[in-house]
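One structure below.
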Ligand SMILES: Cc1ncc(COP(=O)(O)O)c(C=O)c1O
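Numbering (my numbering), first residue to last: 197 to 550.
Quick look at the structure:
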């Protein structure tokens, strides 16, 4: 089946650059970024820092490298990172902090709302003692990928921040989809960023850019994260070619995230109305929907049967199947996806009209 005939809901990372991004890439003013001479990268970093209300930012090739650079900057060898057992950093980033930084994970249970229990965080932060590792950082994720794109509310972030300040431990936010969180909560992205010392956010997800993430924080912290980026081999040369698309993403793709959220909600409600399908509707707050096929249906087979009819979804193992809306998915594509899902999940005759 041709790509154009398939409704691809595996991830918001499958988006291709918009025509405006491609034009900006062709016209980008560039220089050698390792000499600090790429004007377009400078503009992108300055714009990111301003938007999130931080002093500085560093452009990195991926969210994974952004999180890793930040953790390496927060922690010395042997310092522990407190993070959730459903976090992207734990599940999907190859154990980079432990492998490359000697940073062990102190995993806490992630609740249904993507949160770490505050008392559990307080107990997990280590007191000073020779036999204990030092606590280097507390990591949170916003929106939370494996919790159906739930957004962490500001009151929770403020409480966590208060606790972390009291105990002298920095907070790193994996904000791969922080702009989705801001849209879901109806707040400025800087209000969310205020509650963390460092944030990694992605241009290549809901914002549709082809490549890149930014790490933001204080000037000193970002100087350190930049050193870590170099150590990881992620310093670039004429990176303005891709940074230019990132600037277009920040200019043109933030305000439309509400449309992705509305479409994800519609998909989630249609799935919830489909016999035997389980969806936690309350946690569907942004562009991600996790659902479980009816009992007895093998998720791997469901994925294959959906694909054979022209719908791509992701298998999230114990978390179910995942669909994600993005800018290449319009209302028509959502209706096609719903029709295919209903056909596969319950069969044509029992189809539910959502
Ligand atoms: C929550 C979260 N954090 C980090 C990442 C890593 O981003 P990248 O794929 O650019 O390395 C992802 C990617 O899907 C993500 O969903």
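A virtual CB, placed ideally from N, CA and C, is assigned to each residue, including glycine.
*Rounded C-beta distance between residue 201 and residue 431? I'm assuming under 8 Å.*
Not a contact, Cβ separation roughly 40 Å.
*What do you get for residue 326, buried or exposed, if any count of 16 or more other CB atoms within 10 angstroms of its CB means buried?*
exposed
*At what residues does the beta strand (DSSP E) containing residue 280 begin and finish?*
Following the DSSP letters along the chain, one finds residue 280 inside the beta strand (DSSP E) bounded by residues 276-280.
*What are the start and end residues of the alpha helix (DSSP H) that includes residue 263?*
259-270
*Determine which residues share a DSSP beta bridge with residue 398 and list them.*
Per DSSP, the beta bridge partners of residue 398 are 409.
_Nearest residue (CA-CA) to residue 219, options 401, 439, 393_ = 439
*Could you check what DSSP says for residue 214 in three-state terms: helix, strand or coil?*
coil
*Just jot down, in chain order, the residues whose CB lies closer than 5 Å to any heavy atom of ligand 1.*
For ligand 1, the selected residues are 258, 259, 260, 284, 341, 370, 372.
*Thinking C-alpha only, which one of 493, 245, 258 is nearest residue 398?*
258
*Assign residue 496 to buried or exposed, taking buried as 16 or more other Cβ atoms, counted over all protein chains shown, within 10 Å of its Cβ.*
exposed
_Close-in-space but distant-in-sequence residues of the same chain around residue 320 (CB under 7 Å, 5 per side omitted)_ = Annotation for residue 320: 278, 302, 304 place their beta carbon closer than 7 Å to its own, counting only its chain and skipping 5 residues before and after.
*asked:* Taking a contact to mean a Cβ-Cβ separation below 8 Å, would you say residue 245 touches residue 444 in this structure?
replied: no
_Does residue 284 pass the burial test, meaning 16 or more other C-beta atoms within 10 Å, or should it be called exposed?_
buried
*Can you tell me whether DSSP reads residue 255 as helix, strand or coil?*
strand
*Can the beta-carbon of residue 287 be found less than 8 Å from the beta-carbon of residue 342?*
In this structure, residue 342 lies closer than 8 Å to residue 287 by Cβ.
*Residue range of the alpha helix (DSSP H) that includes residue 446*: 436-448
*Is it right to say residue 232 is buried, meaning 16 or more other beta carbons lie within 10 angstroms of its own, or is it exposed?*
Counting Cβ neighbours within 10 Å, residue 232 comes out exposed, since fewer than 16 surround it.
*Under a Cβ-count criterion, where at least 16 other Cβ atoms within 10 Å of its own Cβ denotes burial, should residue 295 be classed as buried or exposed?*
exposed
*Whole-angstrom Cβ separation of residue 306 and residue 280, contact assumed at under 8 Å?*
4 Å
_Closer than 8 Å is the cut-off here; do at least three beta carbon pairs connect the segment 465-483 with the segment 533-545?_
yes
*Beta-carbon contacts of residue 197 that lie in its chain and below 7 Å, excluding the five residues immediately before and after*: 506
*State whether the segment 375-386 contacts the segment 449-464, with contact taken as three or more CB pairs (one from each stretch) at a distance under 8 Å.*
yes
*Whole beta strand (DSSP E) elements within the segment 473-546, 3-residue minimum*: 484-488, 517-520
*Note down, one range per segment and in chain order, each alpha helix (DSSP H) of at least 4 residues found wholly within the segment 305-353.*
314-320
*For residue 314, is the classification buried or exposed, using 16 other Cβ atoms within 10 angstroms of its Cβ as the cut-off for buried?*
exposed
*Where residue 208 sits in the DSSP three-state scheme*: helix
_Cβ-based neighbour list, residue 237, same chain, cut-off 6 Å, excluding 5 preceding and 5 following_ = 229, 255, 435, 436, 439
_Enclosing alpha helix (DSSP H) for residue 387 [first to last residue]_ = Per DSSP, residue 387 belongs to the alpha helix (DSSP H) from 385-389.
_7 Å Cβ shell around residue 385 - same chain, five flanking residues per side excluded_ = For residue 385, where only same-chain residues beyond five positions count, the Cβ hits under 7 Å are 247, 248, 374, 375, 378.
*If you count every other CB in all the chains shown that lies within 10 Å of the CB of residue 323, and 16 or more means buried, which is it?*
exposed
_Suppose you measure from the CA of residue 469 to the CA of residue 463; what does that come to, to the nearest Å?_
10 Å
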